[in-house]
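Q: The structure is given below, and queries will be raised subsequently.
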Amino acid sequence: MKISIIITLKKDVLDPQGKIIHQTLDGMGFNNINEIRQGKYFEIDIEENDKKKAEEKVKDMCKKLLANLVIENYKIIESQ
Amino acid sequence: MNSSVITFPGSNCDRDMDVALKKFGFKNKKIWHNDIDLPKSDLVVLPGGFSYGDYLRCGSMASKSKIMQSVINFAKSGGNVMGVCNGFQILVEAGLLPGVLLRNKHLEFICKNIFVKVNDKNNQYFKDIEKDTLELHIAHNEGNYFCSNDQIKKINDNNQVALYYSDKNGKIDENNNPNGSIKNIAGVFNKEKNILGMMPHPERMIDVSISGEDGSIFFKNLIKNLK
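Sequences listed follow chains A and B, in order.
So the first sequence is numbered by numbering that gives the first Met the number 0: it starts at 0 and just counts up by one.
So the second sequence is numbered by numbering that gives the first Met the number 0: it starts at 0 and just counts up by one.
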């Protein structure tokens, strides 16, 4: 089973990279952007056919390593 | 006093830390990250560097390495553990210290001498240091200390801040904050104060002819007061 997850910074955490990307795009003429927040994307191919079980395992991975819950949120965006 | 410095793949201040500890009287051993057992130690040091190439988040991979389970057990049973720079990042990722270290506010790698104000001397790490401020060296890309409002309240309530970035007279303000750290925090303790994490490198300030000697003050106090 392939599971895709994204990890984003929590709302009140400063994202200087997102800010610079925003400024650069603004300088390139993309003037109608309100905000940019940068995140991380993972594709995890796991040997587990039960969707629920696979997602539980991936959630555990997020909590223990992939995300730092002090500053980040994780979300499963696709399981197939 | 026996100390152990852990070397992770990508550590690059492990030798400097080894030299500094030995200079001030510690019997130091360098321990490889893949080892499981920690030798009998009065102090375990996680040195600076770029463990595992800073992959995922700085310190995140190292915090799960084999030796860290022993370091965590040692720390939780009251053993003294100190993390400097990348070592500080590993300690927060291991959950031994509160908060997290984000990318520097202005996205620049900072490498310079700074001053820190010692917040509290009622602990073994800073007990007999007469100076209120120390000149130390920082070299990092992710030193921007951050934690939630609840955490910062707990940190203040328990007096867990070890060092603040300041000017040489101890003035703590935005102008003397090199990386955007919340409240100018440069180092923190755990609640029991046996674990210390800090971004500045005392081991780089132990030679009067090439640096300064404020690091020497720190290590002299350490060997005298460490329990």
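Glycine residues also receive a C-beta, built at the ideal position from the N, C-alpha and C atoms.
For Val99 (chain B), does the three-state DSSP call read helix, strand or coil?
A: The answer is strand: DSSP assigns Val99 (chain B) an E or B state.
Q: How far does the beta strand (DSSP E) with Asp44 (chain A) in it extend, from its first residue to its last?
A: Residues 38-44.
Q: Going by the C-beta, is Glu129 (chain B) closer than 7 Å to any heavy atom of the ligand ATP?
A: Of the ligands one can find in the structure shown there are none, so the ligand ATP has no counterpart to examine.
Q: Can you name the residues of chain B whose CB is closer than 7 Å to the CB of Leu64 (chain A)?
A: By Cβ distance, chain B contributes Ser59, Lys63.
Q: Output yes if chain B places a C-beta closer than 8 Å to the C-beta of Glu19 (chain A); else output no.
A: In the sequence on display, residue 19 (chain A) carries Ile and not Glu. Answer yes: the Cβ-Cβ gap between Ile19 (chain A) and chain B drops below 8 Å somewhere.
Q: Across the stretch 118-128 of chain B and the stretch 94-107 of chain B, are there enough close Cβ pairs to call them in contact, namely three or more that are closer than 8 Å?
A: These segments do not touch.
Q: If you follow the beta strand (DSSP E) that Arg10 (chain B) is part of, which residue opens it and which one closes it?
A: It should be pointed out that residue 10 (chain B) corresponds to Ser in this sequence rather than to Arg. Unbroken run through Ser10 (chain B): none, as it is neither H nor E.
Q: Comparing C-alpha positions only, which one of B:Ile151, B:Ser210, B:Gly52 sits nearest to Asn140 (chain B)?
A: Nearest of B:Ile151, B:Ser210, B:Gly52 to Asn140 (chain B), Cα basis: B:Gly52.
Q: Buried or exposed: which applies to Pro201 (chain B), given that a residue is buried once 16 or more other Cβ atoms fall within 10 Å of its Cβ?
A: Under this definition Pro201 (chain B) is a buried residue.
Q: Please list, in chain order, the chain A residues whose beta carbon lies closer than 8 Å to that of Lys203 (chain B).
A: The question names Lys, but residue 203 (chain B) in the sequence shown is Arg. Here the premise fails: no neighbours, minimum Cβ distance about 26 Å.
Q: How many Å lie between Asn1 (chain B) and Gly77 (chain B) at the Cα?
A: For Asn1 (chain B) and Gly77 (chain B), the distance between alpha carbons rounds to 15 Å.
Q: Mind checking the stretch 132-147 of chain B against chain A and listing, in chain order, the residues whose C-beta falls within less than 9 Å of any C-beta there?
A: If the cut-off is 9 Å between Cβ atoms, the stretch 132-147 of chain B has Asn143, Phe145, Cys146, Ser147 near chain A.
Q: Going by C-alpha distance, which of B:Pro46, B:Lys26, B:Leu37, B:Asp36 is nearest Arg14 (chain B)?
A: Comparing Cα-Cα distances from Arg14 (chain B) to each of B:Pro46, B:Lys26, B:Leu37, B:Asp36, the minimum goes to B:Pro46.
Q: Would you mind reading off the limits of the alpha helix (DSSP H) that contains Ala53 (chain A)?
A: Element bounds for Ala53 (chain A): 50-60.
Q: Taking the DSSP output, what are the residues bridged to Thr7 (chain A)?
A: Answer by DSSP bridge pairing, in chain order: A:Gly38, A:Asn72.
Q: Could you check whether His21 (chain A) and Ile2 (chain A) sit closer than 8 Å to each other, using their CB atoms as the reference points?
A: No.
Q: Exposed or buried, Lys10 (chain A), counting other C-beta atoms within 10 Å across all chains shown (16 or more means buried)?
A: Lys10 (chain A) should be labelled exposed.
Q: Enumerate in chain order the residues of its own chain whose CB-to-CB distance from Leu37 (chain B) is below 8 Å, with the five nearest sequence positions on each side excluded.
A: Cβ within range, chain order: Ser3, Ile30, Val43, Ile66, Ser69, Val70, Phe73.
Q: Quick one: residues in its chain with C-beta nearer than 7 Å to the C-beta of Lys74 (chain A), no 5 flanking neighbours on either side, listed in chain order?
A: Excluding sequence neighbours, Lys74 (chain A) sits near Ile4, Ile5.
Q: Tell me where the alpha helix (DSSP H) around Phe73 (chain B) begins and ends.
A: 65-75 is the span of the alpha helix (DSSP H), which, as asked, contains Phe73 (chain B).
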